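Chemist: In order, the protein sequences belong to chains E and W.
Heads up: the first sequence begins at -4 in my numbering, then just goes up one per residue.
Heads up: the second sequence begins at 2 in my numbering, then just goes up one per residue.
Right, I'll just put the structure down here and ask away after.
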Amino acid sequence: MSSSKRAPGIDAVLRHPRELMIALLKNMVRIRRFEERCAVLYGETKIRGFLHLYIGEEAVAAGAIGALSPEDAIVATYREHGHALIRGVSPDAIMAEMFGKRAGCSRGRGGSMHLFDAAARFYGGNAIVGGGLPIAVGLALADKLQKRDRVTACFFGEGAMAEGAFHEAINLAALWQLPVLFCCENNLYAMGTALARSESQTELTVKAASYDVETASADGMDVVAVHEATVAALERVRSTQAPFFLEYKTYRFRAHSMFDPELYRDKAEVEEWKKRGPIHNFSARLKAQGLLTEEAFLDIDREAHEEVERAVAFAEAAEWETPEECFADVCAPETTG
Amino acid sequence: MSASQKITYREAARQALHEALTQDERVFLMGEDVGRYGGTYAVSKGFYDEFGPDRIRDTPLSELGFVGAGVGAALGGMRPVVEVMTVNFSLLALDQIVNAAALMRHMSGGQFNVPLVIRMATGAGRQLAAQHSHSLEGWYAHIAGIKVLAPATIEDARGMLRPALEDPDPVLIFEHALLYNMQGELPVDFSGVDIRHAAVRRTGKDVTLITYGGMLWKALEAAEQLAKDGIECEVIDLRVLRPLDDATIMDSVRRTHRAVIVDEGWRTGSLSAEVTARIVEQAFYDLDAPVARVCSEEVPMPYPKHLEDAALPQPEKIIRAVKGLFGKTDS
Chain E
-4 MSSSKRAPGI
6 DAVLRHPREL
16 MIALLKNMVR
26 IRRFEERCAV
36 LYGETKIRGF
46 LHLYIGEEAV
56 AAGAIGALSP
66 EDAIVATYRE
76 HGHALIRGVS
86 PDAIMAEMFG
96 KRAGCSRGRG
106 GSMHLFDAAA
116 RFYGGNAIVG
126 GGLPIAVGLA
136 LADKLQKRDR
146 VTACFFGEGA
156 MAEGAFHEAI
166 NLAALWQLPV
176 LFCCENNLYA
186 MGTALARSES
196 QTELTVKAAS
206 YDVETASADG
216 MDVVAVHEAT
226 VAALERVRST
236 QAPFFLEYKT
246 YRFRAHSMFD
256 PELYRDKAEV
266 EEWKKRGPIH
276 NFSARLKAQG
286 LLTEEAFLDI
296 DREAHEEVER
306 AVAFAEAAEW
316 ETPEECFADV
326 CAPETTG
Chain W
2 MSASQKITYR
12 EAARQALHEA
22 LTQDERVFLM
32 GEDVGRYGGT
42 YAVSKGFYDE
52 FGPDRIRDTP
62 LSELGFVGAG
72 VGAALGGMRP
82 VVEVMTVNFS
92 LLALDQIVNA
102 AALMRHMSGG
112 QFNVPLVIRM
122 ATGAGRQLAA
132 QHSHSLEGWY
142 AHIAGIKVLA
152 PATIEDARGM
162 LRPALEDPDP
172 VLIFEHALLY
182 NMQGELPVDF
192 SGVDIRHAAV
202 RRTGKDVTLI
212 TYGGMLWKAL
222 EAAEQLAKDG
232 IECEVIDLRV
242 LRPLDDATIM
252 DSVRRTHRAV
262 IVDEGWRTGS
272 LSAEVTARIV
282 EQAFYDLDAP
292 VARVCSEEVP
302 MPYPKHLEDA
312 ALPQPEKIIR
322 AVKGLFGKTD
332 S
């Protein structure tokens, strides 16, 4: 994006206020520490079910969601802990949700894959690949019909682009000129199926462009690139009131879920990508530019740890929902008619 | 007796939609050919010019996409009425109906309800063959989190939409395609219907016929014939397929001691099976005969008229089933 703005030799981190750069770093570290703790808690069987870790992809949620305004809506996938966290959903409520407790952000009913928060306009937590895309179109349609100036950001993986839902949704958004930011987190694997083994056209922006929408691609391992690309894309969505497709090229360092033995990719490939780790590369850049000291980094890290430990303590102490409460809340208690 | 107007089921459905669009700005109609074309069954004829393309929204052939857009628009504060042309095509939208609309309230811890109405035509009887003749409303009635309505009368075609739109959760309305041309009386001072109760459409003391949708009229026809033979049928129109109104069913069965369920769906795993199970669970000791069922033959719907007729529940089959409960057989 906006490569014209980029003066050669000058690190992009210098184009922004230091506070923003530190905030982006902080948010990546928060996600990383939160999820590392989740993995441990999974081993301790405090967290059960499916747990899909975002480790390696933190730059995307941190960079993209930081660019949204509070009025915008977010529709996410089942790998959404980071998105919820950065969006401002309470870490306590997220962790309680992972534990299945009533104080969870979805009353503990959904767990890892179904984080919801009305106050944050966080619409899930959708565990059907591509399932959130048509919903995002509808949210944007409601905004357009009610003349509200907001954007719906819909996150999905590249695997979702093989689903009919993607094609139907982006066609509707383009046809009806709806303010949807399609945020494709291309981590190269749809569970265990590599992009080239699932898509005839592996250039995802080319696929999306066929619907006559503007597209861009960003380095999803670089939080500044993500942030800049997202800011620019959002500006286009707001000014054109039309959808925009933004690809974030990223990589998942951990397995697809806790059940995945990772037979489908070479360890060497994973190690190669880890060299591009979003947190250590970014903190190294900030240090090189004199924007961050090791001491400051350790403070950030400690705060992130403390946040997680508070959340774990909260989740541990929280109560379970009773079957009576849970089973009674399927439809509205008393309906008219 | 108050004055009434003679209208078709189509006109009744049309009046209901017109009223909703007029009274609530959040209501909009969306679906394939609802606008310029005027609606596949002409229910929304003229609406496009009257309400404009934003509120009478033609969609591409994208059932999954536009039903999901309906879910999203409902979440965003609108009151969408999504028309899926027929139940047959709703299979393309199942993920959004079942995994999104139905589950959202509960899964989100009660934070996000989906006040969405989905209308669709259903049923066979017009020689449209296997892929255009499904009767899957019983299938949808399996899903927790949605309400399923089957208006069989002019009053219900006119009245069910309003409470459906007032409902904070998803409501599916199944309109039997054979009913659109049916004429009937609607009181001029019609004040609405509920979407909670089954209705007794004919009283009788000897046997309860339980049915819904297009089959109501075949059941009533059978009841007329049986009356000539001295068997008085009570006919219950379920109206609401989910949640079922057990009280009305059991109250009748406890008086008549016999039940025959007439369901256009395939027998196996059908709504008729569910109603049977509930009668057995709740009124077993009141029964004087086994519960009987008249359903569609378990065959993909054939095209020729005589085969389609043979595959569907017909008054003669209902009469046979009823007489069987009294130890009588047709000679």
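Positions of the beta carbon are idealized from the N, C-alpha and C atoms, including for glycine.
Here the structure is a predicted model, which is why all the values come from computation and not from measurement.
Under 8 Å between beta-carbons, which chain W residues line up against A131(E)? List them in chain order, please.
Modeler: Correct list: G73.
Chemist: Run through the DSSP bridge pairs and tell me what A189(E) is partnered with.
Modeler: Answer is Y184(E), bridged to A189(E).
Chemist: Considering only C-alpha positions, which residue in the set L173(E), A59(E) and D294(E) is nearest to F150(E)?
Modeler: The residue with the shortest Cα to Cα distance from F150(E) is A59(E).
Chemist: Looking at the structure shown, is H198(W) part of a helix, part of a strand, or coil, going by DSSP?
Modeler: Reduced to three states, the DSSP call for H198(W) is coil.
Chemist: Going by C-alpha to C-alpha distance, which of G32(W), G53(W) and V44(W) sits closest to E26(W)?
Modeler: The candidate whose alpha carbon is nearest that of E26(W) is G53(W).
Chemist: Rounded to whole angstroms, what's the CA-CA distance from E344(E) to C178(E)? Just pull it up for me.
Modeler: Past the edges of chain E, shown from -4 to 332, lies residue 344(E), and the structure says nothing about it.
Chemist: Below 8 Å on C-beta distance, what does R82(E) contact in chain W?
Modeler: Per Cβ cutoff of 8 Å: no residues; R82(E) is ~14 Å from chain W at best.
Chemist: Once you ignore the five residues that flank A290(W) on each side, which residues in its own chain have a CB closer than 8 Å to its CB?
Modeler: Within the same chain, A290(W) has close Cβ partners H258, R259, L326 and F327.
Chemist: How is the beta strand (DSSP E) around A313(E) delimited, first residue to last?
Modeler: Per DSSP, A313(E) belongs to no beta strand (DSSP E) and is neither H nor E.
Chemist: Given that a residue counts as buried once 16 or more other Cβ atoms are within 10 Å of its Cβ, and exposed if not, what is Y38(W)?
Modeler: By the neighbour-count rule (16 or more Cβ atoms within 10 Å), Y38(W) is not buried but exposed.
Chemist: Go through its chain and collect everything with a Cβ distance to M79(W)'s Cβ below 7 Å, but skip five positions before and after it.
Modeler: Cβ within range, chain order: R27 and F29.
Chemist: Less than 8 Å between the beta carbons of G215(E) and E52(E), yes or no?
Modeler: Against a cut-off of 8 Å, the Cβ pair of E52(E) and G215(E) comes out as a contact.
Chemist: State the Cα-Cα distance for the pair R243(W) and P171(W), rounded to the nearest angstrom.
Modeler: Rounded to whole angstroms, R243(W) to P171(W) spans 11 Å at the Cα level.
Chemist: Opposite Y246(E) in the DSSP bridges: which residues?
Modeler: According to DSSP, which records beta bridges pairwise, Y246(E) is partnered with nothing at all.
Chemist: Run through the DSSP bridge pairs and tell me what E301(E) is partnered with.
Modeler: Paired residue(s): none; E301(E) is not in a bridge.
Chemist: What does E163(E) touch in chain W if you count any residue whose Cβ is under 7 Å from its own?
Modeler: Neighbours of E163(E) on chain W, chain order: S63, L65 and G66.
Chemist: From the DSSP output, which residues share a beta bridge with I69(E)?
Modeler: I69(E) pairs with F117(E) and A148(E).
Chemist: Determine, using beta carbons only, whether N100(W) comes closer than 8 Å to chain E.
Modeler: Yes, because at least one Cβ of chain E sits closer than 8 Å to the Cβ of N100(W).
Chemist: Quick check on C321(E): does DSSP put it in helix, strand or coil?
Modeler: DSSP places C321(E) in helix when its eight states are reduced to three.
Chemist: Taking C100(E) as part of the beta strand (DSSP E), name the residues at either end of that continuous run.
Modeler: No beta strand (DSSP E) holds C100(E); DSSP gives it neither H nor E.
Chemist: List, in chain order, every chain E residue whose beta-carbon is nearer than 8 Å to that of G111(W).
Modeler: Within chain E, the residues near G111(W) are R102 and D324.
Chemist: What residues from chain W crowd round G106(E), counting only those whose CB sits closer than 8 Å?
Modeler: Near G106(E) there are no residues of chain W at all, since even the closest Cβ is about 10 Å away, more than 8 Å.
Chemist: Nearest chain E C-beta to H107(W) closer than 8 Å, yes or no?
Modeler: Chain E, which has a Cβ nearer than 8 Å to the Cβ of H107(W), makes this yes.
Chemist: Report the rounded CA-to-CA distance for T60(W) versus E51(W), giving the unit in angstroms.
Modeler: So the alpha carbons of these two residues sit roughly 18 Å apart.
Chemist: Taking beta-carbon pairs under 8 Å, can you tell me which members of the stretch 162 to 183 of chain W lie near chain E?
Modeler: Those would be R163, P164, A165, E167, D168, P169 and D170, in chain order.
Chemist: For the stretch 137 to 151 of chain E, list every residue whose C-beta sits within 7 Å of some C-beta in chain W, in sequence order.
Modeler: So the close ones are A137, D138, L140 and Q141.
Chemist: According to DSSP, simplified to helix, strand and coil, what is D112(E)?
Modeler: Three-state result, D112(E): strand.
Chemist: What residues are listed by DSSP as bridge partners for G185(W)?
Modeler: Note: G185(W) sits in a beta bridge opposite I8(W).
Chemist: Using the Cβ count rule (16 or more neighbours within 10 Å means buried), how would you classify R305(E)?
Modeler: Exposed is the call here.
Chemist: Are the stretch 105 to 121 of chain E and the stretch 66 to 73 of chain E touching by the rule of at least three beta carbon pairs closer than 8 Å?
Modeler: With the cut-off at 8 Å, the stretch 105 to 121 of chain E and the stretch 66 to 73 of chain E touch.
Chemist: Please determine, among L129(W), E235(W) and M105(W), the residue with the shortest C-alpha to C-alpha distance to G119(E).
Modeler: Among L129(W), E235(W) and M105(W), the Cα nearest to that of G119(E) belongs to M105(W).
Chemist: Can you list, in chain order, the residues of its chain with a C-beta nearer than 8 Å to that of R145(E)? Leave out the 5 residues immediately preceding and following it.
Modeler: Cβ neighbours of R145(E) beyond the five flanking positions: S64, E66, D67, A68, D138 and P174.
Chemist: Does F29(W) have its Cβ less than 8 Å from a Cβ in chain E?
Modeler: So yes, F29(W) belongs to the interface.
Chemist: Using the C-alpha atoms, what's the distance from E31(E) back to A114(E)?
Modeler: Each residue's alpha carbon lies about 27 Å from the other.
Chemist: Using a Cβ cut-off of 9 Å, pull out every chain W residue sitting near A160(E), in sequence order please.
Modeler: The answer, in chain order, is L65, G66, G69, D96 and Q97.
Chemist: Report the CB separation of A91(E) from G103(E) in whole angstroms; it is logged as a contact under 8 Å.
Modeler: Contact flag correct, Cβ pair sits at about 7 Å.
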